[in-house]
């Protein structure tokens with residue numbers, strides 16, 4: 002509706018109906034856990050940098066898989082179609098492999 006129409010109301014608001022958010026499933030709760038772990042590791046890194054606590058973390062690179070993996074799992078997409086469930090499991094499998102290979106990246 003344009004401003005030249007006789008019934009145009011510039012103060013009217015358009016209401017958009019959003020679907021009701023469903024509760025988190027187990028994968029999204031795993032994403033929440035990954036984000037909490039990332040936050041705890043980041044706090045330990047900052048504590049080591051400020052010499053409050055000696056943790057041995059000399060690089061924050063190890064935090065990124067937790068942040069990105071957790072944010073990937075926290076998406077609130079609509080309900081998955083049955084055909085895409087296998088794709089979601091494959092993506093979760095790849096994230097878990099990344100978490101498993103993380104100690105090899107920082108081992109000496």
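Numbering (the working numbering), first residue to last: 2 to 109.
Here a beta-carbon is modelled for each residue, glycine too, at the ideal position from N, C-alpha and C.
Predicted model only: the values in this text are computed from it and were never measured.
1) If you reduce the DSSP assignment to three classes, tell me which class residue 24 lands in.
2) Check whether the stretch 49 to 62 touches the stretch 24 to 35, counting contact only when three or more Cβ pairs, one atom from each stretch, lie closer than 8 Å.
3) Where does the unbroken alpha helix (DSSP H) through residue 74 begin, and where does it stop?
4) Relative to the alpha-carbon of residue 68, which residue among 37, 23 and 26 has its alpha-carbon at the smallest distance?
5) Are residue 96 and residue 70 close, meaning C-beta to C-beta below 8 Å?
6) CB-CB under 6 Å to residue 55, same chain, minus the five flanking residues each way: which ones, in chain order?
7) Quick one: measure Cβ to Cβ for residue 74 and residue 29, integer angstroms, because I've assumed they're closer than 8 Å.
8) Determine the burial state of residue 39: buried for a count of at least 16 other Cβ atoms within 10 Å of its Cβ, exposed for fewer.
With the given structure in hand:
1) Correct three-state label for residue 24: coil.
2) With the cut-off at 8 Å, the stretch 49 to 62 and the stretch 24 to 35 do not touch.
3) 65 to 74
4) 37
5) yes
6) none
7) Contact between residue 74 and residue 29 holds: their C-beta atoms lie close to 6 Å from each other, under 8 Å.
8) buried
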